[in-house]
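Here's the structure we're looking at; comments come further down.
There are 2 protein chains.
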Amino acid sequence: MSKLKIIGFDADDTLWENGLYFRQAEQEFAVLLRHYIDPDSLHDKLYAVEMKNMPTYGYGAMAYTLSLIETALDVTQSDLDPEIIERILGLGRDILTHPVELLPDVESVLPILQSRYRLIIVTKGDILDQERKLGKSGLLPYFHHIEIVSEKHEDNYKDLLRRLDIEPAEFMMVGNSLKSDVLPVLNIGGQAVHVPAASIWEHEQCEKPPMPYYEIDRLGKLLNVLA
Amino acid sequence: MSKLKIIGFDADDTLWENGLYFRQAEQEFAVLLRHYIDPDSLHDKLYAVEMKNMPTYGYGAMAYTLSLIETALDVTQSDLDPEIIERILGLGRDILTHPVELLPDVESVLPILQSRYRLIIVTKGDILDQERKLGKSGLLPYFHHIEIVSEKHEDNYKDLLRRLDIEPAEFMMVGNSLKSDVLPVLNIGGQAVHVPAASIWEHEQCEKPPMPYYEIDRLGKLLNVLA
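As they're listed, the protein sequences go chains A and B.
Just add 4 to wherever you are in the first sequence, counting from 1, and you've got the working numbering.
Just add 4 to wherever you are in the second sequence, counting from 1, and you've got the working numbering.
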C-alpha cells in the first residue's frame, strides 16, 4: 500500500444510511395506493418508471419523488386524489431532510486514515443533498473535497484521477456497490474495497468482479486492509 | 492579464439558453391553471414556493417541477385534475430534454481562448443536466472540466481556487449573473466579466458591485477584454 495516496469513499450507505429512507418512503407510498395495487406490483411499476426516467432525472430524492408521482398517476389511471400527491411530496421532503445517521466505525476510522492519506468523497446524485448531508454528518474536516459525478463509470473515474493528478495504483475506492465503487475502479487499475450495505437497490446489483478486491463487513476493518 | 491562468464560464444563459425554457414552461403552467388564478398572482405564488423550497431542493428543472406541482396543489386548494399534474411533469421533462441552443459568439470565442488559458465551467444546479447539456452542446473539447457547485458564494469560489491550486488574481469568471458570477469572485480578489442575459430570474438580481469589473454585451467582446 506504499503507493496509495488518495482514498475515495462512497457516501450514501457507505458513510451514512440512505437506502433505508427510500425503502421506508416506498412502504408509505404502497399504503397510500393500497386500494389500487398490491405492494409487489407497485414496486415493479415504480422501478420500471425509475429506470425509464434515469437518463433524464438521474439519481437522488428529487428524481425519486417525480417517479413516485408519475407511478401514482399511472397506477390510478389518473383517478388520483390530490391529497396523495401532497403526501408524496412530503415523502420526498422527508428523505431530503432526514437527520444523518452514520454507519458503524465511520467516526473512529476516518481520523486515523486522514493522517495517512488524502480522503475524498466520490458520490453520485444531487450536489446540494450530498453537501447538506456532509455538513450535518460532522465529517467535513476529514475530507479534502467531495466529487459529485453523474455516473460512476470507468470514464468518470479516469477523469477524476486525471484531475487529481494521480496514477490508478495510487487510488483506492471504498463503497457498498460492486457495480459503482468496485468494478469500474478495478477496471482502470485502481484498488477497491467493498463494504456491503444491509440491502442494495436492484439498479446497483452486479456480478462479483473477477479481479482481486477487498471485501470487509464493516468499515473498521479497512485499517487491517491498509496495515 | 499576464497572470490570468484559468477562465471559469457560467453555463446556463452564458453559454446556452436556459431561463427562456423556464419562462415558457411557466406560461404553459399559467394556461393550465387559468380557471383558478391569473398569471401574475400565480407567478408570485410560484416564486414564494421556489424560495421556500430552495434550501431543500436547490436549483434546476427537477426542483422547479416539484415546486410547480406544490404550487398547483396550493392554488387549486387540492381540487386538482390529475391530468394537470401529468402536464406539469411533461413541462419539467421538456426543459430537461430541450435541445441546446448556444448563445452568440460562443463557438467562435472558445477555440481562441482555449489556446491561451485553461477553461472550465462553473455552474450550479443538477450535474446530470449540466453534463448532458455540455455533451449536446459540442463544447466539451474546449473545457478542462466542469465544476458543479451547490451555490456560488465566496466560500464556494475559495474552495474551487484551492482545488485548482491557483491564486485569485489568476482566475477570471464570466457569466450573466452579477450575484453569482461577478460579486463573489470580485470579493475574493478574482476578476469578473458580466455578460447580461436577455432577462434574469428575480433570485439572481442584485445591486451593481462597487468594485471594478468588465461588462460586455456579447461574449465575442471577451477577446477585447483579454487583449
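All residues carry an ideal CB built from backbone N, CA and C; glycine is no exception.
Assuming residue i is part of the beta strand (DSSP E), what are its boundary residues?
i, result
"Arg38/A", "Element bounds for Arg38/A: n/a, residue is neither H nor E."
"Leu233/A", "No answer is possible for residue 233/A: it lies beyond the span of chain A, which begins at 5 and ends at 231."
"Gly12/B", "Ile10 to Phe13"
"Glu151/A", "His149 to Val153"
"Val178/B", "Phe175 to Gly179"
From the DSSP output, in three-state form, read off residue i for me.
i, result
"Ala29/A", "helix"
"Gln195/A", "strand"
"Glu54/A", "helix"
"Glu21/A", "coil"
"Leu106/A", "strand"
"Gly64/B", "coil"
"Asp221/B", "coil"
"Pro16/A", "The residue you asked about is not Pro; residue 16/A is Asp in the sequence shown. Looking at Asp16/A - three-state DSSP - the assignment turns out to be strand."
"Gln209/A", "coil"
"Pro200/A", "coil"
"Gln118/A", "helix"
"Thr80/A", "coil"
"Lys7/A", "coil"
"Glu111/A", "helix"
"Glu74/B", "helix"
Taking C-beta pairs closer than 9 Å, name the residues in chain B that residue i reaches, listed in chain order.
i, result
"Leu100/A", "Thr60 and Tyr61"
"Ser82/A", "Asp85, Pro86, Glu87, Ile89 and Glu90"
"Ile131/A", "Gly62, Lys128, Gly129, Asp130, Ile131, Ile152, Val153 and Ser154"
Just to confirm the assignment, what range does the alpha helix (DSSP H) spanning residue i have?
i, result
"Arg167/B", "Glu158 to Leu168"
"Met215/A", "Per DSSP, Met215/A belongs to no alpha helix (DSSP H) and is neither H nor E."
"Gly248/B", "No statement about residue 248/B is possible, as the shown extent of chain B runs from 5 to 231 and does not include it."
"Gly94/A", "Pro86 to Thr101"
"Leu144/B", "No alpha helix (DSSP H) contains Leu144/B, which DSSP labels as neither H nor E."
"Val229/B", "Leu226 to Leu230"
Give the C-beta separation of residue i and residue j to the nearest angstrom, bearing in mind that I take them to be a contact with Cβ-Cβ under 8 Å.
i, j, result
"Val79/B", "Leu37/B", "6 Å"
"Asn228/A", "Pro200/A", "17 Å between Cβ atoms; not a contact."
"Thr18/A", "Val53/A", "Going by Cβ atoms, the distance from Thr18/A to Val53/A rounds to 26 Å, so no, they are not a contact pair."
"Leu168/A", "Ile10/A", "6 Å"
"Leu8/B", "Met176/B", "6 Å"
"Ser154/A", "Glu32/B", "About 28 Å separates the two Cβ atoms, so there is no contact after all."
"Cys210/B", "Leu187/B", "6 Å"
"Asp130/A", "Met66/A", "6 Å"
Listing by chain order, which chain A residues have their CB less than 7 Å from the CB of residue i?
i, result
"Glu135/B", "Ser154"
Against residue i, what residues of chain B qualify as contacts under a CB-to-CB distance less than 7 Å, listed in chain order?
i, result
"Ile89/A", "Ile73, Leu77 and Ile89"
For residue i, return the contacting residues in chain B, with the cut-off set at a CB-CB distance below 8 Å.
i, result
"Arg27/A", "The contacting residues do not exist; Arg27/A stays about 21 Å from chain B at best."
Residue i touches chain A at which residues, Cβ-Cβ below 9 Å?
i, result
"His149/B", "Asp163, Arg166 and Arg167"
Is the Cβ of residue i closer than 8 Å to any Cβ of chain D?
i, result
"Gly23/A", "You won't find chain D in this structure, because its protein chains are A and B."
Looking at the ligand ATP, does it come within less than 7 Å of residue i, judged from the CB to the closest heavy atom?
i, result
"Ile220/A", "Among the ligands in the structure shown, none appear at all, so the ligand ATP cannot be discussed."
Under 8 Å (Cβ pairs) to chain A, residues found in the stretch 65-78 of chain B
Met66, Ala67, Thr69, Leu70, Ile73, Glu74 and Leu77
Report task. Taking a Cβ distance cut-off of 8 Å, strictly less, list which residues of the stretch 91-124 of chain B are near chain A, in chain order. Result -> Leu93, Gly96, Arg97, Leu100 and Thr101
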